[in-house]
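Heads up, the thing below is written out as structure tokens.
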Amino acid sequence: MGNLITFLLLLMLFTTNITAQEPYVDKELTKKIVKKYNIFAERRFSYLQKTLDSVKNGSDFEKLDAVNRFYNDVRYASDMKVYGKKDYWATPWEFLGKDMGDCEDYVISKYFALRYLGIDSKKLFFTYVKSTKFKAAHMVLTYFKTPRSEPLILDNNNRKIFPASQRKDLIPIYNFNGESLYRVSGKGTGKKIKNKRSHKKWDQLKLNMKRKKI
Amino acid sequence: MTFFKQIAVMLSIFLLIILTTVVALNFISANQSVQDRLYEDAKNTATSLSLSLGTANGDVSMMSTMINANFDSGNYSYISLVDVDNKVLYERKNESVQLNVPQWFLSAITITAPIASANVSAGWKQVGILNVQSDVSYAYTQLYSILMNLLVSFGILAIIGLILLNIILAAALKPLKKVQLQAEAVTRNEFIIQDKIPTTKEFRDVVLGMNTMVSKVKAMFDKGNAELKRQKELEYTDPTTKLRNRKYLIDKLPEYLKIDATSKGGVDMMMSISGVIEANETIGHQKVDKLFIEIAKIFKVYASNYENSIVARMNGTEFSILLPDCTDHDALELAYGICDSADKAIDNAGLDTDITFMSIGLYEYNYKQTIGQLLSLCDNALTQAKFNKSHIHLDKAETATEVMGKDAWRNIINQTLDSNGFCFTLWTAVDVKTEKIDHDVISITMQAMDGTIYSYGQFMASAHQVGLSSKIYQNVINMMFMLPDMRLQGKTCALRLSYEYLTEPNTYIELSQLFQSYALKLPFKLIIEMPDKLVHQNSEQVKLYRKLFETYNIEMGIFEFIGENIDYQYLQDLRPVYIKAEADYFISQSDQAIASLRLITDTVGISLVATSVMDMVTLNKLKEKDIHIIQGPAAETIKIH
Numbered sequence: 001m002g003n004l005i006t007f008l009l010l011l012m013l014f015t016t017n018i019t020a021q022e023p024y025v026d027k028e029l030t031k032k033i034v035k036k037y038n039i040f041a042e043r044r045f046s047y048l049q050k051t052l053d054s055v056k057n058g059s060d061f062e063k064l065d066a067v068n069r070f071y072n073d074v075r076y077a078s079d080m081k082v083y084g085k086k087d088y089w090a091t092p093w094e095f096l097g098k099d100m101g102d103c104e105d106y107v108i109s110k111y112f113a114l115r116y117l118g119i120d121s122k123k124l125f126f127t128y129v130k131s132t133k134f135k136a137a138h139m140v141l142t143y144f145k146t147p148r149s150e151p152l153i154l155d156n157n158n159r160k161i162f163p164a165s166q167r168k169d170l171i172p173i174y175n176f177n178g179e180s181l182y183r184v185s186g187k188g189t190g191k192k193i194k195n196k197r198s199h200k201k202w203d204q205l206k207l208n209m210k211r212k213k214i
Numbered sequence: 215m216t217f218f219k220q221i222a223v224m225l226s227i228f229l230l231i232i233l234t235t236v237v238a239l240n241f242i243s244a245n246q247s248v249q250d251r252l253y254e255d256a257k258n259t260a261t262s263l264s265l266s267l268g269t270a271n272g273d274v275s276m277m278s279t280m281i282n283a284n285f286d287s288g289n290y291s292y293i294s295l296v297d298v299d300n301k302v303l304y305e306r307k308n309e310s311v312q313l314n315v316p317q318w319f320l321s322a323i324t325i326t327a328p329i330a331s332a333n334v335s336a337g338w339k340q341v342g343i344l345n346v347q348s349d350v351s352y353a354y355t356q357l358y359s360i361l362m363n364l365l366v367s368f369g370i371l372a373i374i375g376l377i378l379l380n381i382i383l384a385a386a387l388k389p390l391k392k393v394q395l396q397a398e399a400v401t402r403n404e405f406i407i408q409d410k411i412p413t414t415k416e417f418r419d420v421v422l423g424m425n426t427m428v429s430k431v432k433a434m435f436d437k438g439n440a441e442l443k444r445q446k447e448l449e450y451t452d453p454t455t456k457l458r459n460r461k462y463l464i465d466k467l468p469e470y471l472k473i474d475a476t477s478k479g480g481v482d483m484m485m486s487i488s489g490v491i492e493a494n495e496t497i498g499h500q501k502v503d504k505l506f507i508e509i510a511k512i513f514k515v516y517a518s519n520y521e522n523s524i525v526a527r528m529n530g531t532e533f534s535i536l537l538p539d540c541t542d543h544d545a546l547e548l549a550y551g552i553c554d555s556a557d558k559a560i561d562n563a564g565l566d567t568d569i570t571f572m573s574i575g576l577y578e579y580n581y582k583q584t585i586g587q588l589l590s591l592c593d594n595a596l597t598q599a600k601f602n603k604s605h606i607h608l609d610k611a612e613t614a615t616e617v618m619g620k621d622a623w624r625n626i627i628n629q630t631l632d633s634n635g636f637c638f639t640l641w642t643a644v645d646v647k648t649e650k651i652d653h654d655v656i657s658i659t660m661q662a663m664d665g666t667i668y669s670y671g672q673f674m675a676s677a678h679q680v681g682l683s684s685k686i687y688q689n690v691i692n693m694m695f696m697l698p699d700m701r702l703q704g705k706t707c708a709l710r711l712s713y714e715y716l717t718e719p720n721t722y723i724e725l726s727q728l729f730q731s732y733a734l735k736l737p738f739k740l741i742i743e744m745p746d747k748l749v750h751q752n753s754e755q756v757k758l759y760r761k762l763f764e765t766y767n768i769e770m771g772i773f774e775f776i777g778e779n780i781d782y783q784y785l786q787d788l789r790p791v792y793i794k795a796e797a798d799y800f801i802s803q804s805d806q807a808i809a810s811l812r813l814i815t816d817t818v819g820i821s822l823v824a825t826s827v828m829d830m831v832t833l834n835k836l837k838e839k840d841i842h843i844i845q846g847p848a849a850e851t852i853k854i855h
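Chains as they are written, first to last, in our numbering: chain L, 1 to 214; chain Y, 215 to 855.
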């Protein structure tokens, strides 16, 4: 009997956790997305939510793989073509809403989806690379299991995730993490620094995210 | 504090607050900008240096060298490299910071140099985090320089602003200043009409209102002036001959029959034309009137040689010529001349000079006689003349034996002047309505060397005769100003100055110098009384006196007023504090004349004071004429509250 009660309580707690999880895209935002884009956009977001839900309790790699595969289905298009700008960092809603974007947009959308799935931000980096294959500047999302481990590369040009050592076509240039990079502090001054910008593109993206730009 | 000052202070404070706020905001903004710059620099260095460090492939010695190269530039106070386990791999810190700014600035301003961080990688491998903090000394110097520049430029701006504000305010409030001057003028009973009407609505309304008010008061004054003039013309002028009449002579005679009169005596001629009824029957009224006009002209011509002479028609057939300072000999010559000329005129009018002729009674008077005595004795002389063959008769006053001769008086007065023996006694002028002293009248007494005390009446006539009266006035005025009687402190005192003294060439300059040195120290309020004979001329000299008195806050009074038929504008121009006239003068005036005089004096705030009020009967008559301020024996009996 006591075992049954314990089981029921655990079940209730589990159920509560499941129901407490906010959807990646809430209903209100979904409505706006449908209004702005079309019913197909709603379906894409619905499929994204299903994909995320499917790996919610999976390993880090399962999450990485699912997110990478999902977003790599989005078509590549230059910022000039999509937004009429030379370089623009789109929010995940703009990216999936328009269903197209460039390499930074893939990295951003993957990053926030993985953050939604509970991946530690310290493990995820935006990495500027040079693609020897395309002889062009490129960006990928890198995952470090530990700070000293070899990173896994989530690249929109490659549907599969590979360790960095297997991506000879990419030369790493610079890593940054929006959450931890450019940590601003008034160390030694005893004062807290407010409103310091860490990275112009990142700061604008965070602002757009806050405003739920679609 | 004037309205201008209040507005100026208010706007200046407002301007300074704005400027201070702008300076403060500018400085805060500059401070923020400098601090942002510090962070931007640190961030750029962190980014670029972390890219450089990436090429060292994790070689700490190589990375240390790169960090040193950057740190030694002196632009950073702290650079550190920590590995992924948060262990410090290399660190540089600037311990001694030399700041080239004053200590107060350092105490007042805190500049925070934020630490910017960047990831350092070697290929795909994470090396650690690079922390960079900029040096604040440059920021302090720059900020101090900005503050100084701000203060200088805003200081200049504030000065220019305040000057401009002052100019603009002065221009904007100029109409108000004029309104104020106009209001002050109204308080002083002056009538100023502002021609330039301000454009600002509020000021325009006020100016128009005041202009209207001033115009109305001025109109009242002018009306009173015209009315009094008309009254006086009727009262003092014979309508046919345009000569003065008996009333004028009687009102004017006190000026000649007083101890300090300019003239000590002279001759009064009384002329009578006999046979007027026959003349009327012979040539008619109109021609007789023309004859009288002709005869009047003859009188005027003969009298014109004598200063201050008065020609008056006493009644239908009698005339009088008062000739001050005229000897009996000269008067007789004059009388014969007049008789001859009159006979010719009578003859020319077609009349018989045996029936219609002129008789002249001459009476040699002196200042000690009363009006009644003078007229009665003149009549006697005329009666005698009528029975004379020549129709001319001269009588003389019985000359009283002088107790002292002129030389004796001269000596006594000179000695008293040397020994400062003149002193003051006070009489009061009382307002019987309020039963309060209106002012005290200062009278002069003389204490001779032998101890004898002479009153004003006793010595002043003789002083006039020996030509020392002005010297006495000069002496007592000097004494009054230099050694003021402290018993008079807080009082209002009047001092009467004579026509002779005031018209002396040096008096004005002497008074100016005296006032300049002592007037402000005078412990009492002074009213200087001037004779109407001088004041009504409204001459430049009188105006100068008025201005001089005004400068030293000394009031001006008028005495011996009889209001001849002249323009009363001088009362408005000179604005005496009061007009003094003999009680008999006021009593003898018609109600219309008094009302007109009142209209004028009330309009410009002048009191009427009756002098020589001898008894309660006179006082009661004055009250009926609405004259309430009196001076004389009756005033001394009034119980003062």
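C-beta atoms are modelled at their ideal positions from N, C-alpha and C, and glycine is treated no differently.
Spatial distance of Y:Ser-826 from Y:Val-525 (CA atoms): 27 Å
Assumed close pair Y:Glu-769, Y:Ile-741 - CB separation to whole angstroms, cut-off 8 Å: 4 Å
Secondary structure of Y:Ile-651, DSSP reduced to three states: strand
Residues of the segment 141-164 of chain L whose Cβ lies closer than 7 Å to any Cβ of chain Y, in chain order: Phe-144, Pro-147, Arg-148, Glu-150, Pro-151, Ala-164
Beta-bridge pairing of L:Asn-37 - partner residues as DSSP gives them: The displayed chain sequence assigns Tyr, not Asn, to residue 37 of chain L. Beta-bridge pairing links L:Tyr-37 to no other residue.
Nearest neighbour of Y:Trp-318, chosen from Y:Ile-407, Y:Glu-774, Y:Thr-414, Y:Tyr-354 [CA to CA]: Y:Tyr-354
Residues of the segment 352-368 of chain Y whose Cβ lies closer than 9 Å to any Cβ of chain L, in chain order: none
Chain-ordered chain Y contacts of L:Phe-176 [CB-CB under 7 Å]: Asn-333
Buried/exposed call for Y:Ala-595, threshold 16 Cβ in 10 Å: buried
Best match in Y:Phe-571, Y:Ser-573, Y:Tyr-470 for proximity to Y:Cys-540 [C-alpha to C-alpha]: Y:Tyr-470
Cutoff 8 Å: Y:Leu-265 Cβ touching any chain L Cβ: yes
Chain-ordered neighbours of Y:Gln-312 on chain L, where CB pairs are closer than 7 Å: By Cβ distance, chain L contributes nothing, its closest Cβ being about 18 Å from Y:Gln-312, past 7 Å.
Under the three-state DSSP convention, the category Y:Ala-222 falls into: helix
Cα-Cα separation, Y:Leu-371 to Y:Asn-289: 35 Å
8 Å Cβ cutoff, Y:Gly-272 in contact with chain L: no
Outcome for L:Val-25 when other beta-carbon atoms lying within 10 angstroms are tallied against a minimum of 16: buried
Three-state secondary structure assigned by DSSP to Y:Gly-268: helix
Among Y:Asn-494, Y:Ile-852, Y:Glu-649, Y:Asn-580, the one whose alpha carbon lies nearest that of Y:Asp-829: Y:Ile-852
Run of the alpha helix (DSSP H) containing Y:Arg-418, from where it starts to where it stops: 415-450
Y:Ser-429 versus Y:Glu-714, Y:Phe-405, Y:Leu-303, Y:Val-690, residue with shortest Cα-Cα distance: Y:Phe-405
Distance between Y:Tyr-352 and Y:Thr-234 (C-alpha atoms, nearest Å): 25 Å
Endpoints, the alpha helix (DSSP H) within which Y:Pro-389 is located: 388-401
Buried or exposed (CB count within 10 angstroms, at least 16 for buried), Y:Pro-790: buried
Straight-line gap, Y:Met-424 to Y:Asp-436 (C-alpha atoms, nearest Å): 18 Å
Buried or exposed by the 16-neighbour rule on C-beta atoms within 10 Å, applied to Y:His-653: buried
Inter-residue Cα distance where the pair is Y:Thr-451 and Y:Gly-777: 13 Å
Residue range of the beta strand (DSSP E) that includes Y:Leu-711: Looking at the DSSP string, Y:Leu-711 is not in any beta strand (DSSP E), and its letter there is neither H nor E.
Rounded C-alpha distance that separates L:Val-34 from L:Pro-92: 15 Å
Nearest-angstrom Cβ-Cβ length linking L:Leu-141 and L:Phe-162, presumed shorter than 8 Å: Incorrect: roughly 13 Å between the Cβ atoms, too far for contact.
Start and end residues, beta strand (DSSP E) containing Y:Asp-482: 479-488
Contact the segment 564-580 of chain Y vs the segment 480-495 of chain Y: 3+ CB pairs below 8 Å: yes
Continuous alpha helix (DSSP H) stretch holding Y:Thr-815: start and end: 805-817
Same chain only: Cβ atoms within 8 Å of Y:Met-280, ignoring 5 sequence neighbours per side: Leu-263, Ser-266, Leu-267, Ala-270
Option in L:Ala-137, L:Lys-31, L:Gln-166 with minimal Cα separation from L:Glu-150: L:Gln-166
Closer than 7 Å at the beta carbon, the chain Y residues around L:Pro-172: Ser-335, Gly-337, Trp-338
Interface positions of the segment 234-247 of chain Y facing chain L (Cβ-Cβ less than 7 Å), listed along the chain: none
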